[in-house]
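Remarks on the structure that follows.
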Amino acid sequence: MKLQRVICLYRVSTKKQVDKNENDIPMQKTACWDFASSKPDWTIVKEYSEKGISGYKVSADDRDAIQELKEAALKDEFDILLVFMFDRIGRIDDETPFVVEWFAKHGIQVWSVMEGQQRFDSHVDKLMNYLRFWQASGESEKTSMRIKSKMQQMIEDGLYTGGPVKYGYHLIDSGLVNRKGIPIKKYAVDAVESEVLHMIDDMTIHKGYGSHRLSRYLNENGYKTHTGGKFTSTIVNRILKDRFYCGYLDDGTSTEALQALRIRSDETYVQILEILEQRNNANEEKRHIALQTKGQAMLSGNIFCAHCGGRLTTIRYRDHYTRVDGSEYSVDQIKYSCYHKSRKLCKCDGQTTYQADRVDEIICQIIRQIFSCMSGAPEEETLQALLKRQIAGNKARQTQLEHDLGKSREQLTKLQLEIAKTLTGESVYSPEDLTQVLRTVKENIANGERELAKLKEEEAQKKQGIDLITPAYNQFKSWAEEFDTATLEQKKMIACYLFKRIEVGRDYQISVELNMTYQQFCTEWNNGDFWKNTVAV
Numbered sequence: 328m329k330l331q332r333v334i335c336l337y338r339v340s341t342k343k344q345v346d347k348n349e350n351d352i353p354m355q356k357t358a359c360w361d362f363a364s365s366k367p368d369w370t371i372v373k374e375y376s377e378k379g380i381s382g383y384k385v386s387a388d389d390r391d392a393i394q395e396l397k398e399a400a401l402k403d404e405f406d407i408l409l410v411f412m413f414d415r416i417g418r419i420d421d422e423t424p425f426v427v428e429w430f431a432k433h434g435i436q437v438w439s440v441m442e443g444q445q446r447f448d449s450h451v452d453k454l455m456n457y458l459r460f461w462q463a464s465g466e467s468e469k470t471s472m473r474i475k476s477k478m479q480q481m482i483e484d485g486l487y488t489g490g491p492v493k494y495g496y497h498l499i500d501s502g503l504v505n506r507k508g509i510p511i512k513k514y515a516v517d518a519v520e521s522e523v524l525h526m527i528d529d530m531t532i533h534k535g536y537g538s539h540r541l542s543r544y545l546n547e548n549g550y551k552t553h554t555g556g557k558f559t560s561t562i563v564n565r566i567l568k569d570r571f572y573c574g575y576l577d578d579g580t581s582t583e584a585l586q587a588l589r590i591r592s593d594e595t596y597v598q599i600l601e602i603l604e605q606r607n608n609a610n611e612e613k614r615h616i617a618l619q620t621k622g623q624a625m626l627s628g629n630i631f632c633a634h635c636g637g638r639l640t641t642i643r644y645r646d647h648y649t650r651v652d653g654s655e656y657s658v659d660q661i662k663y664s665c666y667h668k669s670r671k672l673c674k675c676d677g678q679t680t681y682q683a684d685r686v687d688e689i690i691c692q693i694i695r696q697i698f699s700c701m702s703g704a705p706e707e708e709t710l711q712a713l714l715k716r717q718i719a720g721n722k723a724r725q726t727q728l729e730h731d732l733g734k735s736r737e738q739l740t741k742l743q744l745e746i747a748k749t750l751t752g753e754s755v756y757s758p759e760d761l762t763q764v765l766r767t768v769k770e771n772i773a774n775g776e777r778e779l780a781k782l783k784e785e786e787a788q789k790k791q792g793i794d795l796i797t798p799a800y801n802q803f804k805s806w807a808e809e810f811d812t813a814t815l816e817q818k819k820m821i822a823c824y825l826f827k828r829i830e831v832g833r834d835y836q837i838s839v840e841l842n843m844t845y846q847q848f849c850t851e852w853n854n855g856d857f858w859k860n861t862v863a864v
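Here the sequence shown is numbered in our numbering, starting from 328 and rising by one per residue.
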């Protein structure tokens with residue numbers, strides 16, 4: 328009796344099964360050995376184990392065990408491939424059936440402990456082989472979808488699904504258990520860490536701290552991460568960009584449970600993103616947020632030469648000379664320098680430098696002028712009510728237009744039917760008359776559709792304006808109350824937020840351009856009378 332050489336293939340799908348040392352592979356091995364021992368002419372010569380390999384996601388070409396089995400088959404090193412179930416070979420419906428068929432064509436019998444031998448003696452055998460793996464693929468896909476759906480639901484319910492715990496939160500018992508009876512944890516806001524997160528937000532928005540400076544500050548003041556390690560700029564950036572702190576997942580999903588975990592307001596998040604985006608803006612001319620706020624000059628990032636358009640940079644200049652009486656005079660001065668002119672990059676007819684304190688004081692006067700008018704601003708609710716009335720008027724006009732367009736379209740349909748009658752001689756109108764009327768109706772419809780589209784766009788802008796007015800109004804009030812007592816860092820950030828562009832010319836002629844949000848606020852406030860796009864001093 329000739330012995331049949333058998334190679335066994337075992338596989339578990341996930342690394343979780345491997346890490347938890349579950350008994351799946353030992354179970355497969357025991358079943359295969361028991362099955363082989365029941366065959367007097369079978370002898371197991373080798374075994375392959377694949378741990379953490381998905382038969383649904385990983386192609387046979389990328390699986391070492393399958394490739395080694397094929398090489399062994401070509402070298403005639405075995406006669407039978409034995410698995411616990413055929414899906415251990417794979418679950419890819421448009422690949423695995425042909426892998427099994429490949430072994431059969433090369434003289435290898437393919438057996439499953441649970442399903443017997445896969446033969447290819449007829450077309451029915453080939454069809455059954457394909458259907459088996461088509462079904463396995465479908466089951467794997469369904470399982471994957473169920474798992475993803477369950478995990479998504481757990482995350483939306485604020486439950487912990489594994490991985491690092493986000494800074495600002497800790498885990499508590501949810502009162503639930505999983506299928507194995509293990510308690511499920513859920514997120515809860517950490518009182519201490521959430522205050523640190525508020526401090527990070529405040530220092531980013533109001534003091535202009537960057538991620539490197541923030542991480543250094545946190546480490547120097549004894550703050551630690553969850554693991555007890557030091558903060559890095561990467562960790563700080565991840566905290567600043569994470570929308571979870573606003574009660575949202577990455578895809579924008581939000582639930583009542585997630586909102587209960589909110590630490591950061593939407594307005595704060597928008598401000599942070601604007602600062603980060605501005606600082607990462609490769610286009611120097613479009614950046615208006617200061618890269619850093621450590622310097623002694625108030626303006627940075629949004630100050631330009633009025634003559635050549637080049638950015639003004641901050642320099643430290645030491646004025647030193649000997650007086651008539653022989654005494655030495657020396658003073659350090661901070662100045663704004665035209666980058667283009669100082670490096671002879673273009674023909675600039677402006678000054679090379681400007682005294683920073685003089686420019687800063689003029690800008691402070693402009694800011695105070697803006698804030699001094701806050702007393703004449705309407706209450707927030709009044710301002711919102713005004714916008715809502717404007718939207719209501721817009722909506723009424725849209726309704727009228729849609730009604731008129733409906734009538735015009737009905738008229739167009741009737742005219743088109745009337746043209747058909749002219750071809751049979753049934754109409755009392757001539758084709759020329761109908762053509763002229765048709766042209767007029769079509770023009771009316773086109774004009775109406777254009778006006779309607781314009782109204783809808785204006786409505787969208789007004790609705791956006793309502794969302795912007797509240798934070799802009801509150802920010803204005805806060806700045807107006809605190810500006811004179813604010814630190815230099817805070818004043819620098821206020822100037823960055825308020826002004827999109829500041830231009831300085833000869834004899835300290837200065838013009839400023841408001842950022843869009845505050846420009847819109849002032850426009851809505853006084854119908855544009857208070858503030859024009861650019862103010863010169």
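Glycine included, each C-beta is placed from N, C-alpha and C at the ideal position.
Cβ separation of residue i and residue j, assumed to be a contact under 8 Å, to the nearest whole Å
i      : j      : result
Asp569 : Lys512 : About 19 Å separates the two Cβ atoms, so there is no contact after all.
Leu728 : Glu778 : 6 Å
Leu336 : Leu396 : 7 Å
Ser657 : Thr641 : No, Ser657 and Thr641 are not in contact; Cβ-Cβ is about 20 Å, not under 8 Å.
Gln725 : Lys783 : 7 Å
Phe405 : Ile334 : 5 Å
Gly485 : Val516 : Contact flag wrong, Cβ pair sits at about 10 Å.
Lys662 : Thr649 : Not quite, the Cβ-Cβ distance comes to about 22 Å (not below 8 Å), so this is no contact.
Leu401 : Cys359 : Not really, about 23 Å apart at Cβ, beyond 8 Å.
Glu785 : Lys722 : Between Lys722 and Glu785 the Cβ distance is about 11 Å, and since that is not below 8 Å, they are no contact.
Residue i burial status per 10 Å Cβ neighbour count (16 or more: buried)
i      : result
His730 : exposed
Arg645 : exposed
Pro758 : exposed
Ala719 : exposed
His634 : buried
Thr861 : Low per-residue confidence applies at Thr861: pLDDT is 43, beneath 50, and the placement is therefore not dependable, though the value from the model is reported in the following sentence. Label assigned to Thr861: exposed.
Val839 : buried
Ser664 : buried
Ile602 : buried
Pro510 : exposed
Ile499 : exposed
Gln678 : buried
Val651 : exposed
Glu655 : exposed
Arg695 : exposed
Pro424 : buried
Gln445 : buried
Glu611 : At Glu611, the pLDDT of 49 sits below 50, so the modelled position is not reliable; the number obtained from the coordinates is stated separately. By the neighbour-count rule (16 or more Cβ atoms within 10 Å), Glu611 is not buried but exposed.
Ala387 : buried
Arg506 : exposed
Beta-carbon proximity list for residue i, same chain, < 7 Å, skipping 5 on both sides
i      : result
Gln598 : Ile532
Asp687 : Ala624, Met625, Leu626
Phe698 : Trp806, Ala807, Phe810
Val504 : Pro510, Ile511
Under the three-state DSSP convention, the category residue i falls into
i      : result
Asp517 : coil
His730 : helix
Arg446 : coil
Arg650 : coil
Arg643 : strand
Cys359 : helix
Gly832 : strand
Val440 : coil
Val764 : helix
Glu374 : strand
Glu398 : helix
Val839 : strand
Lys366 : coil
Ser669 : helix
Beta-carbon contacts of residue i that lie in its chain and below 8 Å, excluding the five residues immediately before and after
i      : result
His615 : Caution applies to His615, whose pLDDT of 47 falls short of 50 and renders its modelled position unreliable; the model cannot decide the point.
Lys859 : Confidence in Lys859 is poor, its pLDDT being 44 and thus under 50, which makes the residue's placement unreliable; the coordinate value appears in the next sentence. No residues qualify anywhere along the chain.
Ser542 : Lys557, Phe558, Thr559, Ser560, Ile562, Val563
Arg685 : Tyr835
Asp593 : Cys573
Cutoff 6 Å; reference residue i; Cβ partners in own chain excluding five residues on either side
i      : result
Met820 : His533, Gly535
Met412 : Ser439, Met441
Gln692 : none
Lys674 : none
Ala392 : Tyr375, Glu377
Tyr596 : Cys573
Arg833 : Gly677, Gln678
Minimum length 4: unbroken alpha helix (DSSP H) runs contained in the region 483-544: 518-532
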